[in-house]
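Take a look at the structure below.
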Amino acid sequence: MNFIAWIIIACEIGFWVVIAAGLITRYIFNQKRLGLFFLALTPVLDLFLLIVTANDLHNGATATQIHALAAVYLGVSIAFGKSMIRWADEKFVYYFKKQGPKPVRRSGMDYAKHSLKGSLQHVLAFIIGGAFLYLMIYWIDEPDRTQSLSEMLKLWLLILGIDFVLSTSYFIWPKPAKTK
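If you use my numbering, the sequence shown corresponds to residues 35 to 214, in order.
As structure tokens, then:
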């Protein structure tokens, strides 16, 4: 496996480790500021991934799907990071601290609206990650070395379209409430 792939895996593991550390520090040890510090480390991991990927390409590597995946990861992490932390925060408080309301299982129009909000976050992720992809393509300025990056942009745009079709379908065919 490629070095960049290992860095992406390490960053994803690091993301969940700092979130867990932040939540444990915040709620178990009642150290709110230290917990916030750990949670604030998540963008540092993104920056590290960006630097390593750009350096690899700058040193002459031909861009691969893994390099493109690094840009996708960055876009998704930045666009969805806050909501993922909020989701983990809610679950942690309810399931580990046994406090607060039970996390809501969405259905019907609420689910459709939430899904559309996720699709809009996906657009933001595409804009951010796509900008990184485009900048790498522009920076390298050798189409044969950046073909994988261009292909990833096209694939991601297709996936984004499918995401919107699915989200829109929930307004037409709402997700039923789960019965116990």
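Cβ atoms here follow ideal geometry from the backbone N, Cα and C, with glycine treated the same way.
Residue range 181 to 206 is occupied by the alpha helix (DSSP H) that includes glutamine 181. With fewer than 16 other CB atoms across the displayed protein chains lying within 10 angstroms of its CB, alanine 54 is exposed. Within the segment 96 to 153, the complete alpha helix (DSSP H) segments of 4 residues or longer fall at 99 to 129, listed in chain order.
The three-state reading of DSSP puts alanine 74 in helix, counting H, G and I together. Within the model, the alpha-carbon separation for isoleucine 43 versus alanine 104 is close to 10 Å. For glutamate 46, the enclosing alpha helix (DSSP H) begins and ends at 37 to 61.
Note on aspartate 175: under 16 other CB atoms within 10 angstroms of its CB, so exposed under the neighbour-count rule.
Annotation for methionine 186: Gln99, Ala102, Leu103, Ala105, Val106, Leu167 place their beta carbon closer than 8 Å to its own, counting only its chain and skipping 5 residues before and after. Residue burial annotation: serine 201 is buried, with at least 16 other C-beta atoms found within 10 angstroms of its C-beta.
Assignment of alanine 159 by DSSP, reduced to helix, strand and coil, places it in the helix class.
Threonine 87 sits in a helix when the DSSP states are folded into three classes.
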